[in-house]
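*Asks:* The opening residue of the sequence shown carries number 1 in my numbering; numbering runs sequentially from there.
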Amino acid sequence: MSRIVVKVGSNVLTRKDGKPNITNMSALVDQIVMLRELGHEIILVSSGAVACGKSVIHPRKDLNPIAARQLYSAVGQIKLINLYAQFFNAYGVVSGQILTQKENFSSRLAYLNQRSCMLTMLENGIVPVVNENDTASLTELMFTDNDELSGLIATMIDADIMVILSNIDGIFTGLPHEEGSKLIETINPGEDVSRFIKDTKSSHGRGGMHTKFGIASKVASEGIQVFIANGERRNVLFNLIENPDKVPHTRFLPSEAALSTVKRWIAHSGSFSKGKVHINNYAQEALLSDKVVSLLPIGVTGVEGNWEEGEIISIIGPDGNYLGVGKANFDHLQALEMIGKHGKKPLIHYDYLYLE
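(1) With which residues is residue 88 paired in a DSSP beta bridge?
(2) In angstroms, rounded to a whole number, what distance separates the CA positions of residue 299 and residue 145?
(3) If I'm right that residue 173 touches residue 164 with Cβ under 8 Å, what's the distance once you round it to whole angstroms?
(4) In or out: residue 57 buried (at least 16 other Cβ within 10 Å) or exposed?
(5) Which of the three DSSP states, helix, strand or coil, is assigned to residue 121?
(6) Return the chain-ordered list of same chain residues with a C-beta closer than 6 Å to the C-beta of residue 105, the five sequence neighbours on each side being excluded.
(7) Determine the closest residue to residue 313 out of 109, 157, 320, 303, with distance taken between C-alpha atoms.
(8) Look up residue 73 in the DSSP assignment and say whether it is helix, strand or coil.
(9) Take the Cβ of residue 333 as the centre, count every other Cβ of all protein chains shown within 10 Å, and call the residue buried at 16 or more, exposed below.
(10) Given that a residue counts as buried once 16 or more other Cβ atoms are within 10 Å of its Cβ, and exposed if not, what is residue 234?
(11) Pick from 101, 277, 251, 231: whose alpha carbon is nearest that of residue 295?
(12) Would you decide whether residue 132 is buried or exposed? Buried here means 16 or more other CB atoms lie within 10 Å of its CB.
(13) Residues bridged to residue 355 by DSSP?
(14) Measuring CB to CB, does residue 73 end up less than 7 Å from residue 45?
(15) Considering only residues of the same chain and omitting the five flanking positions on each side of residue 79, which have a CB-CB separation below 6 Å?
(16) Taking DSSP's pairing of strands, which residues face residue 7 in a bridge?
(17) Can the beta-carbon of residue 24 be found closer than 7 Å to that of residue 5?
(18) Who are the Cβ neighbours of residue 243 in its own chain at under 7 Å, not counting the five residues just before and after it?
(19) Under the rule that 16 or more other beta-carbon atoms within 10 Å means buried, what is residue 100, buried or exposed?
(20) Please classify residue 120 as buried or exposed, where buried requires at least 16 other C-beta atoms within 10 Å of its C-beta.
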């Protein structure tokens with residue numbers, strides 16, 4: 001049995017005219033049900049709410065991008081979740097809606113509460129259907145797209161597999177339909193193929209293949225197998241899990257180096273950083289060594305931003321280079337007072353430190 005996070009993009013769920021693609025949605029649910037019957041646990045991260053909203057509402061006046069997104073998602077999310085409920089109900093399967101936003105991952109307590117909710121749903125045989133809460137999100141607080149959200153969820157619930165379903169077969173050595181362009185079938189841990197990617201974004205979503213590659217690489221580095229495939233191919237999801245040789249795809253092999261659940265949370269928290277600490281050469285050398293080292297105030301040379309104890313902060317090297325992130329043991333005012341001092345407790349303990 002595997003725990004699987006499935007992210008399906010807007011171009012799979014939406015027709016060219018902007019209306020929901022009922023055929024693809026129904027086929028996706030069919031495959032999820034088949035996988036559940038084999039003992040797999042599925043979490044569905046679904047785009048499509050904004051596109052659904054656009055298909056049924058026409059604003060009376062021009063709206064700014066945030067207001068338009070809020071309006072379309074408020075209307076479209078109801079339509080989207082009702083369609084999923086209808087398809088799952090036909091099999092006697094209960095689905096549940098989870099709407100989340102970026103700030104729910106920045107606090108360890110909120111993160112754990114959200115994790116507990118999803119695990120409880122799975123334990124009770126419910127399929128969680130997750131989407132960003134666009135009605136409450138502002139531009140600076142939005143996920144890059146649902147690829148980022150699915151990566152956060154995969155690491156949060158200790159998934160075995162993450163599947164990203166787009167409208168192309170995977171990552172190619174050029175544009176997918178370009179002469180001589182070939183599908184990259186396997187990507188090893190740490191392998192960088194970003195030079196091959198020529199991005200074209202979804203007409204309905206916010207992400208592109210560069211984003212998918214970045215998220216997939218990060219998730220795979222944390223020990224989770226990742227597939228990118230074409231969600232419009234017949235039985236693509238079922239085949240990826242049960243017989244991957246039957247369907248084209250790009251597979252990211254998982255790293256054997258396992259991270260703790262806390263380290264996984266820290267690893268994905270760079271975009272939630274509330275401040276920065278600048279460190280000297282000695283601190284940088286110690287952190288980048290093979291030793292188990294915490295960041296002590298004596299190695300800190302400067303502090304930026306306002307943060308509270310327990311919030312995520314970034315670590316900046318002496319040359320201005322980004323080194324990683326960690327959970328602060330005390331707030332920014334205490335950090336200012338302790339700069340360069342001996343005998344103080346760590347600003348960031350090793351257990352809550354993640355270096356790139």
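Heads up, the beta-carbon is just placed ideally off N, CA and C, and yes, glycines get one too.
*Replies:* Taking the definition as stated:
(1) Residue 88 pairs with nothing; no bridge assigned.
(2) Going from the Cα of residue 299 to the Cα of residue 145 covers about 36 Å.
(3) That pair is no contact at about 19 Å.
(4) It is exposed - the Cβ of residue 57 has fewer than 16 other Cβ atoms within 10 Å.
(5) Residue state, collapsed to three classes: helix.
(6) Correct list, in chain order: 111, 152.
(7) Comparing Cα positions, the closest option is 303.
(8) Helix, per DSSP.
(9) Answer is exposed; the Cβ neighbour count stays below 16.
(10) With fewer than 16 other Cβ atoms within 10 Å, it is exposed.
(11) If we check each option's Cα against that of residue 295, 277 comes out closest.
(12) Flag for residue 132 reads buried.
(13) In the DSSP assignment, residue 355 is bridged to 324.
(14) In this structure, residue 45 does not lie closer than 7 Å to residue 73 by Cβ.
(15) Contacts found: 52.
(16) Beta-bridge annotation (DSSP): residue 7 is paired with 45, 164.
(17) In this structure, residue 5 does not lie closer than 7 Å to residue 24 by Cβ.
(18) Counting only Cβ-Cβ distances below 7 Å, and skipping sequence neighbours, we find nothing.
(19) With 16 or more other Cβ atoms within 10 Å, it is buried.
(20) Around the beta carbon of residue 120, a 10 Å sphere encloses fewer than 16 other beta carbons of the protein chains shown; the residue is thus reported as exposed.
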